[in-house]
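Per this note's numbering: the sequence shown = residues 39 to 260. C-beta: ideal position from N, C-alpha, C; glycine also. These numbers were taken from a predicted model, which means no experiment stands behind them.
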Amino acid sequence: MEHKFWHERWKKSEIGFHLHEVNPLLIQYWSALQATVDDTVFVPLCGKSKDLIWLAERVKQVIGVELSQTAVDDFFSDNNLKPIITQGESFIEYRYANITVLCGDFFQLTQADVINCSLVYDRASLIAFPPEMRLAYIEKLDDLLTEEKRRLLITIEYPQNEMNGPPFSVPVDAVERLLSKQHRIERLDSKDIIDASPRFKNKGVSAMFEHVFLLQRKTICQ
Ligand SMILES: C[S@@+](CC[C@H](N)C(=O)[O-])C[C@H]1O[C@@H](n2cnc3c(N)ncnc32)[C@H](O)[C@@H]1O
């Protein structure tokens with residue numbers, strides 16, 4: 039999507055994707071990541087997710103990237119955190135304790151920005167991109183994250199002809215197709231969420247599943 043689209047969504051507070059609690063799937067499947075206190079977690083397209091705080095209590099460092107300054111400002115103010123803010127070349131860096139949020143375009147990140155990121159948490163990030171941008175997103179992540187060990191990936195699947203994204207439907211076979219070259223993929227869960235998703239049901243979506251995957255970088259685990 040164009041940046042303008044997301045800036046508008048944040049401006050109008052049309053952020054139905056935002057959860058007011060920590061994502062229950064993160065809590066449920068956290069152990070699959072086998073995180074240690076020495077790990078650094080990268081959270082692409084982090085919005086103002088409370089998951090950043092939950093993660094920061096469990097690992098050495100959390101690094102998020104988010105386009106919208108409204109989202110980043112809200113994240114820190116909603117959680118009563120006073121970050122140190124530094125204007126960089128491509129990003130405004132917000133830092134509080136072991137949480138860093140880089141405000142700017144994901145595609146401008148360099149390896150130095152995400153150095154030591156050993157784990158990735160992708161919730162509603164891959165599915166935020168239209169199909170024609172997915173590969174660029176996946177390849178950029180793979181290029182950036184030379185130290186990656188494991189990734190928790192959460193996607194949704196629904197009949198794409200019933201609604202325009204985002205969120206876009208990313209079914210299991212698409213995950214396999216996009217990611218199996220560089221990653222071992224294990225599907226940890228698939229939940230039927232249509233009855234719990236009135237905002238999509240009201241738009242005429244007849245079926246919806248939420249999938250949770252554990253990815254392991256092949257280059258590291260072989
Ligand atoms: C569907 S939301 C998901 C947010 C978060 N992962 C969550 O679970 O609440 C996608 C987010 O990606 C951000 N975004 C979209 N394109 C981006 C880009 N190129 N770089 C950084 N952030 C981007 C949007 O502003 C939006 O907050």
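Which listed residue (the options) has its alpha carbon closest to that of residue i
i: Glu177; options: Ile123, His45, Gln149 and Asp211; result: Gln149
i: Glu131; options: Asp230, Asp112 and Asp151; result: Asp151
i: Glu186; options: Ile192, Glu40, Val158 and Pro236; result: Val158
i: Lys49; options: Phe55, Thr108 and Leu57; result: Thr108
i: Ile53; options: Thr124, Leu63, Asp230 and Gly85; result: Gly85
i: Lys256; options: Lys219, Ser235 and Lys229; result: Lys219
i: Gln72; options: His58, Ile232, Arg188 and Ala245; result: Arg188
i: Ile12; options: Ile231, Glu170, Asn240 and Val110; result: Residue 12 cannot be examined here, being either before or after the span of the chain that is shown, 39 to 260.
i: Asn154; options: Ile65, Val75 and Phe251; result: Val75
i: Lys98; options: Asp77, Phe114, Trp68 and Ser115; result: Asp77
Residue i vs residue j beta-carbon contact at 8 Å
i: Met201; j: Phe238; result: yes
i: Arg225; j: His249; result: yes
i: Pro197; j: Ala234; result: no
Assumed close pair residue i, residue j - CB separation to whole angstroms, cut-off 8 Å
i: Leu119; j: Leu191; result: That belief does not hold up - the Cβ atoms of Leu119 and Leu191 are roughly 27 Å apart, past 8 Å.
i: Phe80; j: Leu216; result: The Cβ separation is near 18 Å, so there is no contact.
i: Lys88; j: Val110; result: That belief does not hold up - the Cβ atoms of Lys88 and Val110 are roughly 14 Å apart, past 8 Å.
i: Leu64; j: Arg161; result: 7 Å
Closer than 8 Å is the cut-off here; do at least three beta carbon pairs connect the region 128 to 138 with the region 84 to 95? yes
Indicate whether the contact test is met: 3 or more Cβ pairs, each with one atom in the region 98 to 114 and one in the region 140 to 156, closer than 8 Å. yes
Any contact between the region 161 to 170 and the region 202 to 214? By contact I mean 3 or more CB pairs, one from each, below 8 Å. yes
Enumerated in chain order, which unbroken segments of the alpha helix (DSSP H) with a length of 4 residues or greater are wholly contained in the region 188 to 237? 210 to 217
Could you tell me which whole alpha helix (DSSP H) segments of length 4 or greater appear in the region 71 to 114? You should have 89 to 94.
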